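Visitor: Quick one: the structure is below, questions incoming.
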Amino acid sequence: MANTRELEVSINDWEARYVLESLFREMNRLKLINATSEDEDEDEAADAGNDCIEISGFYERLSEKAVSVFGEQILNFCRDPI
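According to the working numbering, the sequence shown is numbered sequentially starting from 131.
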């Protein structure tokens, strides 16, 4: 059985937004790799799919906590001018 270690950090709203946006973008990148990998790259597609599942679990946990602290706007990654 693996010994799982944990790290607790305290981050402010803009730091949380950047971490969440980075995770969101990485999930989308991995989904694209998984969906578009050629037949000869089955391992690449499988690895990307597995990594996406792991990251999405982390994203969901973090976004849930961030929304409870900062509000729903923390998940707005739009960079359009106001």
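We put the CB at the ideal spot given by N, CA and C, even for glycine.
The structure displayed is predicted, hence computed values, not measured ones.
Given this structure, state the Cα-to-Cα distance separating R155 from G179, to the nearest angstrom.
Guide: Residue mapping note: residue 155 aligns to position 25 of the sequence shown, counting from 1. Residue mapping note: residue 179 aligns to position 49 of the sequence shown, counting from 1. Using only the alpha carbons, I get a separation of about 14 Å.
Visitor: Inspect the beta-carbon positions of R147 and I183 and report whether they are closer than 7 Å.
Guide: Position 17 of the sequence shown, counting from 1, holds the residue named residue 147. Position 53 of the sequence shown, counting from 1, holds the residue named residue 183. No, Cβ-Cβ distance for R147 and I183 is not below 7 Å.
Visitor: Are the beta-carbon atoms belonging to A175 and S186 less than 7 Å from one another?
Guide: Counted from its first residue, the sequence shown places residue 175 at position 45. Counted from its first residue, the sequence shown places residue 186 at position 56. Not in contact: A175 and S186 (Cβ atoms no closer than 7 Å).
Visitor: Just the C-alpha distance for L192 and V149, rounded to the nearest angstrom, thanks.
Guide: What you label residue 192 is simply residue 62 of the sequence shown in a count that begins at 1. What you label residue 149 is simply residue 19 of the sequence shown in a count that begins at 1. In this model, L192 and V149 are separated by some 9 Å (Cα to Cα).
Visitor: Contact check, E151 vs F207 under 8 Å by CB: the rounded distance?
Guide: Locating residue 151 in the sequence shown gives position 21, counting from the first residue. Locating residue 207 in the sequence shown gives position 77, counting from the first residue. Yes, they are in contact, since the Cβ atoms of E151 and F207 sit about 5 Å apart, within 8 Å.
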